[in-house]
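Mapping of the sequence shown onto my numbering: position 232 corresponds to residue 250, and the numbering continues sequentially without gaps.
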Amino acid sequence: MGLPRQLLVARNQWFVKLALVCFVLLMLLSVSVNWEVLQQKSNLEADANKLPVLERIDTLPFLEQYVHEVAAQQPGYDPRTPVCAPKTLAVDAITYHEPQDGSFYSLLKARKDRPVSPPIFTDQHSVLCYEEWGITKVWDYCLPISGRKDEPHCSEADRMDLLHGDDDDNEWLDSICYASVLHMLLIDVYEEIRALGRKPAVLYGTLLGAVRNESIIPYTEDADIGYQQDQTSAHDLWDLKMALWAKGYHMFYSTLWRVCVSPTHPLASQLYNSKLPLINLTYAVPYVDLYLMEPESFGSDVYWSIDEIRNNRLVYDAKVVPYSHVRINGREFDTVRDVKEFLRREYGDEYMEPIPR
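Written out as C-alpha cells, the structure reads:
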C-alpha cells in the first residue's frame, strides 16, 4: 500500500530542500577552494599596467618586413593569416646572478655570429605577442616547447646544450632535451629566489635526480624548488614574478606558483615549436613548480609544512634546517637537511632505483 498523498508531498519537499542545501554547500566549497586563485588573479590584473620598462631588441632593421618574409617561408602560409613577433628581451641588458666569465649567459651574449632574434608567431600563436594579455594568463602564455626525454641521449642534459642550436635548424630543434630547458629554468628561478632572500631549496624530483646522478632526470616534466615566505611583500611573490618577467619567464598561479619560458626570452626563437597547439600546453612544456615552506610552532617544537608533501605530513625542524647541499651538473644547490629521510618518505625505501618507463 502506497504512502498517503500528504506524506508523499512532504517527502518530496524534504528531498528538494536537502538537494538545495547540498548545492549551497558545494558552491561554498568551490568558492573556498578557488578563493586563493581568484585573489592571485585579481592582484595580477590590478598590476598588469605596472610592467617594468625593459630593453628590447631594436636593432633588427625593417622588423615588420622581416616578420612577413620569415612567415612566408613556412609551409601553407596564407598572407591573410595574422603574423607578428614579440618584443624579445635584449640579452645584453639583463642582469643575471652568476659569474660573469664562462657562464651560460656570458657565452650567449658573446655569440656575435648568431645574434638574438625574435620568434615569428602566426595564426593562433599570434596572441603570444601581447605581454599585457599574457601576464594575466596561466599555461596559455608559455612558449610552446617540446623536447626529447630518452636515455642515454638526455642522460647528462645541460643548459649549455641550448647554445649550439640555430633558429632555422629543424634537425637541432628535434634533438633538444627537455632536461636542458629545465636546467636553464632551474638555475635562473633558483638564483632569483635566492637574490630576493627567500631561501630556495631543491625538492622532490629535482632532489631525486641530484642524489641519483647529480643531474636532471631525463624523463621528468618539471623542476621543483621550495621557497620561504617574505612577510613584508605587499603582493605574494609579485617581486619574484617581475624579476623573472624581466628575464623572459612567465610566472603564474595554477594550484601552485609555476614558471615557464615566455615568448620574450632571448632564446625563444631557438626553442619555439610552431607545431604545438596553445590549447594543450597544460603540463606539456618545461616548467618549474614552486613550493612554499613554512615553519610552524607547537609549544616548544617547530615543524615545517611543505606544499604537496606526501600525506600532508609536517617535517621536524631539525630535518629541514640548516640546509644541506647537493650538486646538479656541477653546480651546488641548497636542500633539506636530512635528504635520505625526505626522499624515503616521499618515494619509498627504493628511491635510488629508477622506475622503468
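Note that beta-carbon positions come from the ideal geometry of N, C-alpha and C, so glycine has one too.
- P137 is classed as buried because its beta carbon has at least 16 other beta carbons within 10 Å across all chains shown.
- In the same chain as G366, and ignoring 5 residues on each side of it, no C-beta atom comes closer than 6 angstroms to its own.
- The residue from S198, K155, G152 with its alpha-carbon nearest to that of C172 is S198.
- Of all alpha-carbon atoms in E149, W275, Q247, S323, the one lying nearest the alpha-carbon of L332 is that of S323.
- A Cβ-Cβ distance of about 7 angstroms is found for the pair P162 and V303, placing them in contact under the 8 angstroms criterion.
- About 7 angstroms separates the Cβ atoms of D179 and C195, confirming a contact at the 8 angstroms cut-off.
- Counted as a single uninterrupted DSSP element, the beta strand (DSSP E) harbouring M311 occupies residues 305-316.
- Counting the other Cβ atoms within 10 Å of the Cβ of R345 gives fewer than 16, which makes it exposed.
- In the three-state DSSP reduction, D141 falls in the helix class (H, G or I).
- For the pair P313 and D192, the Cα-to-Cα distance works out to about 44 angstroms.
- Inclusion of Y290 and D242 in the CB contact set at 8 angstroms is not warranted, their separation being larger than that value.
- Under DSSP, D240 shares a beta bridge with Y305.
- A Cβ-Cβ distance of about 6 angstroms is found for the pair Y334 and Y321, placing them in contact under the 8 angstroms criterion.
- Cβ-Cβ distances below 7 angstroms link E174 to S233 in the same chain, with the five nearest sequence neighbours on each side left out; the list follows chain order.
- Straight across, the Cα-Cα distance linking G266 with C147 is about 13 angstroms.
- Under the three-state reduction of DSSP, L274 is assigned to strand.
- By the C-beta density criterion, S318 is exposed, having fewer than 16 other C-beta atoms within 10 angstroms.
- DSSP places I211 inside the alpha helix (DSSP H), whose first and last residues are 196-213.
- Annotated as proximal: L107 and H283, with beta-carbon spacing under 8 angstroms.
- Taken through DSSP and simplified to helix, strand or coil, E232 comes out as coil.
- The shortest CA-to-CA distance from A103 to any of H115, R129, T140 is the one to T140.
- Distance from K337 to R355 at the Cβ level is roughly 6 angstroms; contact confirmed, criterion being Cβ atoms closer than 8 angstroms.
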